[in-house]
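Just below is one structure, and these are the notes that go with it.
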Amino acid sequence: MIRPGVAAALMGACVLGLGLASTAFAGDVERGERISSSCIACHGPGGNSHIPAMYPSLAGQDVDTLASMLEQYRSGEIQDPQMTPQAAHLTDEDIADLAAYFAGQEPK
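Quick note, this note's numbering runs 351 ahead of the 1-based positions in the sequence shown.
Pasting the structure below:
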């Protein structure tokens, strides 16, 4: 049995950990917009694709999902002939900023 004080400490650590995880991808929206030009070529202005069946819209997507996908393309965990080379040069900061920018855009 876990003593009440230990249980409270464990719960606090878990909550703190969850809080950190949810802000792991906090980024600079303005910088994300500035560096998004190569993304817009396929995913459309503001992340609203003109051909969603071929290039998914990014606008309004979950920030953590966007960042995670970019990280997976960058690492090669997910292979795509277009996205893997595009993501290969991105820094952690670039990924956080792009994710923040596209997550904050209004889907159309």
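For every residue, glycine included, the Cβ atom is placed at its ideal position computed from N, Cα and C.
- Query: How about Ile386 and Asp443: do their beta carbons lie closer than 8 Å?
  - Reply: If you number the sequence shown from 1, residue 386 lands on position 35. If you number the sequence shown from 1, residue 443 lands on position 92. Cβ atoms of Ile386 and Asp443: not closer than 8 Å.
- Message: At the 8 Å Cβ level, is Ser388 part of the contact set with chain D, yes or no?
- Response: Of the protein chains in the structure, only one exists, and it is not chain D.
- Looking at the structure shown, is Glu444 part of a helix, part of a strand, or coil, going by DSSP? As a working mapping, residue 444 is identified with position 93 in the sequence shown. Residue state, collapsed to three classes: helix.
- Keeping to the same chain, check which residues put their C-beta closer than 7 Å to that of Met418; ignore five residues upstream and five downstream. By one-based count along the sequence shown, residue 418 stands at place 67. Reading off the sequence shown, one finds Ala at residue 418, where the question assumed Met. Closer than 7 Å at the Cβ level, and outside the excluded window around Ala418, lie Phe376, Ile446, Ala447 and Ala450.
- Residue span of the alpha helix (DSSP H) that contains Pro436, given as start and end: Translated into the one-based positions of the sequence shown, residue 436 becomes position 85. Met434 to Ala439 is the span of the alpha helix (DSSP H), which, as asked, contains Pro436.
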